[in-house]
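Peer 1: For the sequence shown, position 23 (counting from the first letter as 1) is numbered 217 according to my numbering, and the numbering increases by one without interruption. Pasting a structure below so you can have a look.
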Amino acid sequence: MIYTKMEYLDSYLGIHTNLDKAITFLKGCDLRTLSMGRNEVDGDQVFINRFHYNTMPLEQAAFEAHEKHLDIHLLLSGRERIGISDMAHMQETGRDEINDGIDCTGEVEQIIRMAPGDVLIAFPEDAHMVKVELDGSCLVEKAVVKVRL
């Protein structure tokens, strides 16, 4: 997991070719100009999903993870918390091979506070629980960059 600010993303160049593509794209893009839904950067190697949702209490949120992708979480508006846990400590409850989704349960090991300008990069070993309210429910507008590893 990497938790940083948008202005420091250049520090993470060189980890993986597709992550470099994502970071380079993000540094030159106004995310607000992206369409809702899927936005292509480099086909299935790097793409961005833009969407919105209302946050919810921690007890109602669910963990997910990915085997072949990392996620870069970026808020355009609103605020949320994201729970993070090591996949080694989680119990898998379902798998969607087509969309690279793993449902899992377990204890929340860390809570990350997210607001516009914050960046959370969740690697395959990082189960993540999104949509968790921070000081009450609110509408979040978000972009998640999917980076194939």
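Beta carbons: idealized from backbone N, C-alpha and C, even for Gly.
In terms of residue numbering, what span does the beta strand (DSSP E) encompassing K221 cover?
Peer 2: Against the sequence shown, residue 221 aligns to sequence position 27. No beta strand (DSSP E) holds K221; the alpha helix (DSSP H) holding it covers T211 to K221.
Peer 1: Closest to N248 by CA distance: which of A337, L333 and N212 is it?
Peer 2: For this step, residue 248 is matched to residue 54 along the sequence shown. Selected option, being the one with the closest Cα: L333.
Peer 1: Given I296, which residues of its chain have a CB within under 7 angstroms of its CB, disregarding the five upstream and five downstream residues?
Peer 2: As a working note, residue 296 is residue 102 in the sequence shown. Correct list, in chain order: E258, A259, H260, E261, E286 and R289.
Peer 1: Inspect the beta-carbon positions of A316 and H267 and report whether they are closer than 8 angstroms.
Peer 2: Within the sequence shown, numbered from 1, the residue matching residue 316 stands at position 122. Within the sequence shown, numbered from 1, the residue matching residue 267 stands at position 73. Yes, these two residues count as a Cβ contact at 8 angstroms.
Peer 1: Helix, strand or coil: how does DSSP classify E286 here?
Peer 2: Mapped onto the sequence shown, residue 286 falls at position 92. Strand, per DSSP.
Peer 1: Under 8 angstroms by Cβ, that's how I've got A303 and I278 pegged, so tell me the actual separation to the nearest angstrom.
Peer 2: The residue labelled residue 303 in the question sits at position 109 within the sequence shown. The residue labelled residue 278 in the question sits at position 84 within the sequence shown. A small correction: the amino acid at residue 303 is Glu; Ala does not occupy that position in the sequence shown. Sure, about 6 angstroms apart at Cβ, within 8 angstroms.
Peer 1: Return the Cβ separation of F219 and M230 in integer angstroms, given the expectation that the two are a contact with Cβ distance under 8 angstroms.
Peer 2: Here residue 219 is taken as the residue at index 25 of the sequence shown, counted from 1. Here residue 230 is taken as the residue at index 36 of the sequence shown, counted from 1. With a Cβ gap of about 18 angstroms, F219 and M230 do not count as contacting.
Peer 1: Please say whether D265 and K340 have beta carbons closer to each other than 8 angstroms?
Peer 2: Counting from one through the sequence shown, the residue named residue 340 turns up at place 146. Counting from one through the sequence shown, the residue named residue 265 turns up at place 71. Yes.
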